[in-house]
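Engineer: For the sequence shown, the working numbering assigns the number 1 to the initial residue and increments by one for each residue that follows. Where is the CB? At the ideal position from N, CA and C, for every residue including glycine. Got a structure here, written out as C-alpha cells. Questions coming.
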Amino acid sequence: MSTKNLTTVSVIKADVGSLAGHHIVHPKQLEMARQKLEHSRKDGLLVDFHVTHCGDDLELIMTHRMGENNVKIHELAWTTFKEVTEKVSKPLKLYAAGQDLLSEAFSGNVRGMGPGAAELEFQERASDPVVILLADKTSPGAWNLPLYKIFADPFNTAGLVIDPSLHRGFIFEVLDTHEGLSVRLKCPEELYDILALIGDPNRYVISKIFRNDGLPAAAASTSRLSMIAGRYVGKDDPVCIVRAQSGLPAVGEVLEPFSLSHLVPGWMRGSHHGPLMPVSVSEAQNKGTRFDGPPRVVALGFQISNATLVGPSDLFDDPAFEPARTKASEIAYYMRSHGPFMPHRLGPDEMEYTTLTGVLDKLKDRFQKAE
Ligand code: F6R
Ligand code: MG
Ligand code: MG
C-alpha cells in the first residue's frame, strides 16, 4: 500500500462474453460490475470507479490509495469478472462467456491471467485532467504510434515547441514482449532508437511514459493473450491512461493522433490489419459490426479530485472526429478488398497464434520436393 497518500488510477478490463457474437457487452454485465465495485467503494477499498465498455470489453476504471499492482485491487477486478461471467454471461448464454479469464484461480495479479491492466500512481497536481483510452479488436502495440506522436512529435504536440515546460522531453519505457525485458529511452535524445523499436508494435510495446523530471505521464496495458494461452483467444483490446495539461500534452494534443485512423492488427479473428476508428461511447458508434470491427478506440476525459473521478466527458463525441470516422470507413473498404491476402491478413508471425496453423498442418504432408 502506498504510504505517501498518492492517487492510483487502475484500468482493468476483460472480455467475459458478449451479445450477438463478439461485438457488444450486455447492459446486465455493466450493472453487475457496478454493484460489485460499489460494495468495495463503501468498504473503503476504492475511492471511486466508473464502469463502461468498449465494444465487447468490460472496462473497470478505478481510483484508490493502494498503489499499482495491489493484490486487493487486482483480486476485486478478477472476482468482478468471474461473478459477471457466472451470474450474467453464462445464464444468458452470452457468446464466449468468461473468454479472457485464462486461469482457474486468482494468483495475486491479473497480469498473466487474461485481463488487461494499465495503472498509474501519482501525486495529484492542483488540477489533474486524465484521458482514459479504451480499444477493441486490436493489440497493445496499437498505442505505439499515438503515444509517440503525443509525447515526442512536435508536428502533433505544439507544446513540445512552444511551451518551455515540455522542452526537456519524456522517458519512454518499452517492453520487448518476446523476451519479457524492458528498456527506458529518453526523448528527444534517443528518438531514433525509440522509433527503431516501437515501429515493430507486434514485438515492442510502450508500457509507461514519464516526464524528464520523473513525473508519471502515461501507462498502457501490455498483456498478449495469445502469448499467455499459446493459442488464439481473441485480441488483447488494450487500455491506456494519459495525464494531460500544465506541463504535459494538452487534452487536444492527446486526441490529435487519432484523427489519422492508423492501421493496427486485429479486426476479424484477430487476423487482419485495419484502421483504428475513434468513436464515442454511445450505442451508435461503440460496437464493431463490420467484419467484426473495424478496430475502434474510445476516449474518456476525467478530472481527478482527491482520488475521485469527476466526469467523464466522452471525448470523441465531437463532429470534428467525423472525418476520421469516414476516413476509417474508406480505409476499411480498401483493406477489405484484399480479402485473404496480406497485408490485409497479418504476417506469419502473428498468424502463428490463430486457427490458420490448423489449415497449414493439414497441407503439410502433401508438399513434395520441387523440380
Ligand atoms: C476478434 C474477435 C472475432 C472472432 C470471430 C470468430 O477479436 O473476437 O472477430 O475472432 O468472430 O469467433 P469464433 O471463432 O468464436 O466464432
Ligand atoms: Mg469477444
Ligand atoms: Mg474485444
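At which residues does the alpha helix (DSSP H) containing LYS377 begin and terminate?
Structural biologist: Because residue 377 is not part of the residues shown, which for the chain are 1 to 371, the question remains open.
Engineer: Only counting the same chain, and skipping five residues up and downstream in sequence, which positions put a Cβ closer than 7 Å to that of HIS167?
Structural biologist: none
Engineer: Classify MET227 as buried or exposed, calling it buried when 16 or more other Cβ atoms lie within 10 Å of its own Cβ.
Structural biologist: Under this definition MET227 is an exposed residue.
Engineer: Look up ARG336 in the DSSP assignment and say whether it is helix, strand or coil.
Structural biologist: helix
Engineer: Count the other C-beta atoms from every protein chain shown that fall within 10 angstroms of the C-beta of ILE162, then say buried if there are 16 or more, exposed otherwise.
Structural biologist: exposed
Engineer: Which residue or residues does DSSP assign as beta-bridge partners of VAL242?
Structural biologist: VAL131, ALA218
Engineer: Name, in chain order, the residues that DSSP records as bridge partners for PHE302.
Structural biologist: VAL130
Engineer: Does the beta carbon of ARG15 fall short of 7 Å from some heavy atom of ligand 3?
Structural biologist: For clarity, residue 15 is Asp in the given sequence; the question names Arg instead. Yes.
Engineer: Between the beta-carbon of ILE304 and the beta-carbon of THR8, is there less than 8 Å?
Structural biologist: For ILE304 and THR8, no; Cβs fall outside 8 Å.
Engineer: Cα separation between PRO265 and TYR192?
Structural biologist: 23 Å
Engineer: Taking the beta strand (DSSP E) that TYR204 belongs to, which residues open and close that run?
Structural biologist: 204-211
Engineer: Please indicate yes or no: does the CB of HIS22 lie closer than 7 Å to some heavy atom of ligand 1?
Structural biologist: Result yes, Cβ under 7 Å from ligand 1.
Engineer: Check whether the Cβ atoms of VAL297 and PHE258 sit closer than 8 Å, and answer yes or no.
Structural biologist: yes
Engineer: Taking the alpha-carbon of MET268 as reference, which of LYS369, MET351, VAL84, TRP78 has the nearest alpha-carbon?
Structural biologist: MET351
Engineer: Any heavy atom of ligand 3 within a distance shorter than 7 Å of the CB on ASP237?
Structural biologist: yes
Engineer: Within the continuous beta strand (DSSP E) that includes LYS13, where are the two ends?
Structural biologist: Note, LYS13: beta strand (DSSP E), 7-14.
Engineer: If I follow the unbroken alpha helix (DSSP H) through ALA229, where does it start and stop?
Structural biologist: 225-229 is the extent of the alpha helix (DSSP H) around ALA229.
Engineer: Tell me which residues share the same chain as LEU309 and place their Cβ nearer than 6 Å to its Cβ, disregarding the 5 neighbours each side in the sequence.
Structural biologist: ASP48, HIS50, THR63, PHE302
Engineer: Taking the straight line between their C-alpha atoms, what separation do you get for VAL88 and PRO140?
Structural biologist: Their backbone Cα atoms lie some 28 Å apart in a straight line.
Engineer: State the Cα-Cα distance for the pair TYR334 and ARG325, rounded to the nearest angstrom.
Structural biologist: Taking the straight line joining both Cα atoms gives about 14 Å.
Engineer: Any chance the CB of SER18 is under 7 Å from a heavy atom of ligand 2?
Structural biologist: yes
Engineer: For GLN123, which option in PRO216, SER40, PRO188 has the closest C-alpha, if you only look at C-alpha atoms?
Structural biologist: PRO216
Engineer: Does DSSP put TYR95 in a helix, in a strand, or in coil?
Structural biologist: In the structure shown, TYR95 sits in a strand (DSSP, three-state: E or B).
Engineer: In the DSSP assignment, find the beta strand (DSSP E) that holds ALA117 and state where it starts and stops.
Structural biologist: 116-122
Engineer: In terms of residue numbering, what span does the beta strand (DSSP E) encompassing GLY252 cover?
Structural biologist: For GLY252, no beta strand (DSSP E) segment is defined; the enclosing uninterrupted segment is the alpha helix (DSSP H) at 251-255.
Engineer: Is the Cβ-Cβ distance between PHE170 and ILE209 less than 8 Å?
Structural biologist: Yes, Cβ-Cβ distance for PHE170 and ILE209 is below 8 Å.
Engineer: Spatial neighbours of ALA332 within its chain, please: C-beta separation below 7 Å, excluding the five flanking residues on both sides.
Structural biologist: GLY274, PRO275, ARG290, PRO294
Engineer: Give every residue of the same chain whose Cβ lies closer than 7 Å to the Cβ of GLY55, excluding the five residues on either side of it in the sequence, and list them in chain order.
Structural biologist: HIS23, ILE24, ASP136, LYS137, ASN286, LYS287, GLY288, ARG296
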